[in-house]
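Engineer: These protein sequence lines map, in sequence, to chains W and A. Residue numbers for the first sequence follow this note's numbering, so the first one is 1 and each next one is one higher. Residue numbers for the second sequence follow this note's numbering, so the first one is 1001 and each next one is one higher. Beta carbons: idealized from backbone N, C-alpha and C, even for Gly. Quick caveat, the model's predicted, so the values are computed rather than measured.
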Amino acid sequence: MSHVVIDTKNLLCPMPVIRTQDAISNLQSGDTLSVLTTDPGSKIDIPTWCRINHHSVLAIEEHDHVITISIKVGEV
Amino acid sequence: MINAMTNTQPKAIALISGGLDSMLAAKLIQDQGVHVEGINFFTGFCVEGHTHAIRRKQHNKPRRNNALWVAETLGIKLHIIDVVETYKDVVINSKHGYGAAMNPCLDCKVFMVKNAKDWMQKHDFDFIITGEVVGQRPMSQTKNRMPIVERRSETQDILLRPLCAHHFPETRPEREGWVDRDTLLNLSGRGRSSQIAMAKEYGYDDYAQPAGGCCFLTDKTYSRKLTDLWLSRGERKYELDDIMLLKVGRHLRPRSNFKMIIAREEGETNFLTGYKKRYTHLFSTSHGGPLVLIDGQLHEDDFALAAEITARFSQGKNAPVVTIDICQKDKAVQTLSVTPCSENNIQKDWCL
């Protein structure tokens, strides 16, 4: 299992979703991904994208305007 | 329905804009047992997405991506494709012309259907669905112009428009029996009553309202700013940051060599802050006020004017003196104390 971090800070919707989608396309089921974003819309859009693509959001944390969304990759 | 050649469930890729029509088109085909997935192209000019994330005053509505909402409601996968680079040619070199603003709608539709076809072939899907309705849009959705889309994208037999299929010849999905033509519709015109009735029947009550379209290129003010950008640079080119910045702030061009992008509220200031390292910028240190980015070259003899204008939009606009910092890349910060520009001295033709 691998863990990847992608930095999408200062990008706005839908770019954080696109970067998440592209990163997950290179991962395996069970791998984890942390997405760093400053776009508040990502707190809705990335979990929605994960639900429709059968990935799991493990946590959403926010410190100093930086949001970290942790994802476990489902079946790819 | 079964694809007789492969003995599998037929698969369709649906162009999902986030609006109601493409949602209904996908639903009609999904209900016939076809496996449907959605595709959404990010051109950089999309109205939703970036705009709802920037301005705080627009935060009274939930900040969602409507294409994702549609996909989740339909229970289909959605593939969001970044086409910012390849889309430039559509905007800059329109073959079929622009609409009332800088909107190359017909070229855009050709581009999207062609890209959907490429995706379809790569992923072994069978046909493409769009939510187009005959007569709904003067540039791209008329009975005479819609066939141009399939001709130029070479999708004559695999492009299905479920909402208005009866206005066109049968396509392969209908002939093969993957889709029952009798269940497809013959909608036309700009009216929305049929679509709204269908949405009600399906129980969709939170779909995106078509308020002003989904593309900034249909907006005359935005298009004026894009044209100004090209004129000021002497060439028709842009990067993603350029077209993002056209969406934000008040734009003033006091002199041909520079433009000022003035944040209108806190959300825009926060957004422009992300560009401070790359752009010359000004702000008041003596009073509250917006962050101002400079696009172009600010010469020393422009400093006073730029500072006076920045002061005009600060909370010190009526003060006798306002202190402004001018920050240029790799240079020491310059501090000027200026009298704010009066309202009368802001020339109308500066405002883009």
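In the DSSP assignment, what residue or residues form a beta bridge with Lys1331/A?
Structural biologist: Answer is none; Lys1331/A lacks a bridge partner.
Engineer: Against chain A, which members of the region 31-54 of chain W pass a CB distance test of less than 7 Å?
Structural biologist: Listed by position, the residues of the region 31-54 of chain W near chain A (Cβ gap below 7 Å) are Asp39, Pro40, Gly41, Ile44, Asp45, Thr48, Trp49, Arg51, Ile52 and Asn53.
Engineer: Could you work out which residues of chain W lie near Arg1064/A, taking near to mean beta carbons separated by less than 8 Å?
Structural biologist: Within 8 Å Cβ-Cβ: Gly41, Ile44, Asp45 and Thr48.
Engineer: Taking Val1091/A as part of the alpha helix (DSSP H), name the residues at either end of that continuous run.
Structural biologist: Val1084 to Ile1092 is the extent of the alpha helix (DSSP H) around Val1091/A.
Engineer: Work out the CA separation of Leu1246/A and Gln1334/A for me, nearest whole Å.
Structural biologist: If you take the alpha carbons of Gln1334/A and Leu1246/A, they lie about 27 Å apart.
Engineer: Return no unless some Cβ of chain A is closer than 8 Å to the Cβ of Asn26/W.
Structural biologist: False, the Cβ-Cβ gap to chain A never drops below 8 Å.
Engineer: Give the DSSP-derived three-state secondary structure of Val1321/A in the structure shown.
Structural biologist: Coil at Val1321/A, not helix or strand.
Engineer: Taking CB distances under 8 Å as the criterion, tell me whether Ile1013/A reaches chain W.
Structural biologist: No, Ile1013/A lies away from the interface with chain W (no Cβ there is under 8 Å from its Cβ).
Engineer: Whole angstroms is fine: what's the gap from Arg1278/A's alpha carbon to Thr37/W's?
Structural biologist: Answer to the nearest angstrom: the Cα atoms are 20 Å apart.
Engineer: Return yes when the C-beta of Tyr1238/A is under 7 Å from any heavy atom of the ligand SAH, and no when it is not.
Structural biologist: No copy of the ligand SAH occurs in the structure displayed, which carries no ligand at all.
Engineer: Against Asp1082/A, what residues of chain W qualify as contacts under a CB-to-CB distance less than 7 Å, listed in chain order?
Structural biologist: Neighbours of Asp1082/A on chain W, chain order: Ile18.
Engineer: Counting along the chain, where does the beta strand (DSSP E) carrying Lys72/W start and finish?
Structural biologist: Lys72/W -> beta strand (DSSP E) spans Val66 to Lys72.
Engineer: Do you know how far the Cα of Leu1231/A is from the Cα of Thr1285/A?
Structural biologist: Answer to the nearest angstrom: the Cα atoms are 33 Å apart.
Engineer: Could you check which residue in Gly1033/A, Phe1216/A, Gly1038/A and Gln1009/A has the C-alpha nearest to that of Phe1023/A?
Structural biologist: Checking the sequence shown, residue 1023/A turns out to be Met, not Phe. Measuring from the Cα of Met1023/A, the nearest candidate turns out to be Gly1038/A.
Engineer: Counting along the chain, where does the beta strand (DSSP E) carrying Asn1040/A start and finish?
Structural biologist: His1035 to Phe1042 is the extent of the beta strand (DSSP E) around Asn1040/A.
Engineer: Is the CB-CB distance between Leu1293/A and Leu1272/A below 8 Å?
Structural biologist: A contact, by the Cβ cut-off of 8 Å.
Engineer: For the 8 Å Cβ check, are there 3 or more pairs between the region 49-69 of chain W and the region 1070-1078 of chain A?
Structural biologist: They touch, by the three-pair rule.
Engineer: Kindly list, in the order they appear in chain W, the residues whose Cβ is closer than 7 Å to that of Lys1077/A.
Structural biologist: Within chain W, the residues near Lys1077/A are Ile52 and Asn53.
Engineer: Throw me the rounded Cβ distance for the Thr1008/A and Ile1002/A pair, which I believe falls under 8 Å.
Structural biologist: Confirmed, Cβ separation roughly 7 Å.
Engineer: Please give the ranges of any alpha helix (DSSP H) in the region 1159-1236 of chain A, keeping only runs that are unbroken, at least 4 residues long and fully inside the region.
Structural biologist: As far as the region 1159-1236 of chain A is concerned, its whole alpha helix (DSSP H) runs of at least 4 residues are 1172-1175, 1193-1202 and 1220-1233.
Engineer: Return helix, strand or coil for Met1244/A, following the three-state DSSP convention.
Structural biologist: Three-state DSSP puts Met1244/A in a helix.
Engineer: From Asp1157/A, Asn1040/A, Thr1323/A and Arg1264/A, pick the residue whose C-alpha is nearest to that of Gly1249/A; which is it?
Structural biologist: That would be Arg1264/A, whose Cα lies nearest to the Cα of Gly1249/A.
Engineer: Tell me whether the beta-carbon of Lys1143/A lies closer than 8 Å to the beta-carbon of Val1134/A.
Structural biologist: Against a cut-off of 8 Å, the Cβ pair of Val1134/A and Lys1143/A comes out as a contact.
Engineer: For Glu1072/A, which residues in chain W fall below 8 Å Cβ to Cβ?
Structural biologist: Those within 8 Å of Glu1072/A in chain W are Thr48, Arg51 and Ile52.
Engineer: Going by beta-carbon coordinates alone, are Leu1291/A and Thr1323/A separated by less than 8 Å?
Structural biologist: No, these two residues do not count as a Cβ contact at 8 Å.
Engineer: Give a yes or no on whether 8 Å exceeds the smallest Cβ distance from Phe1042/A to chain W.
Structural biologist: Yes - at least one Cβ of chain W is within 8 Å of the one on Phe1042/A.
Engineer: Is Gly1018/A close to chain W, meaning its C-beta is less than 8 Å from at least one C-beta of that chain?
Structural biologist: Output row for Gly1018/A: interface = no.
Engineer: Buried or exposed for Val66/W, please, with buried defined as at least 16 other CB atoms from any protein chain shown within 10 angstroms of its CB.
Structural biologist: Counting Cβ neighbours within 10 Å, Val66/W comes out exposed, since fewer than 16 surround it.
Engineer: Mapping the DSSP letters down to three states, classify Val57/W as helix, strand or coil.
Structural biologist: Strand.
Engineer: Rounded to whole angstroms, what is the Cα-Cα separation between Asp1295/A and Asp1182/A?
Structural biologist: If you take the alpha carbons of Asp1295/A and Asp1182/A, they lie about 56 Å apart.
Engineer: Give me the residue from Thr1086/A, Cys1046/A and Trp1350/A with the minimum Cα distance to Lys1259/A.
Structural biologist: Closest option to Lys1259/A, Cα to Cα, is Trp1350/A.
Engineer: Let me know the secondary structure DSSP gives Pro1147/A once reduced to three states.
Structural biologist: Pro1147/A: helix per DSSP, three-state reduction.
Engineer: Which same chain residues, not among the five before or five after Thr68/W, have their C-beta less than 6 Å away from its C-beta?
Structural biologist: Counting only Cβ-Cβ distances below 6 Å, and skipping sequence neighbours, we find Ser34, Leu36 and Glu61.
Engineer: Per DSSP, what kind of secondary structure is Ile1128/A in: helix, strand or coil?
Structural biologist: If DSSP states are grouped into helix, strand and coil, Ile1128/A belongs with the strands.
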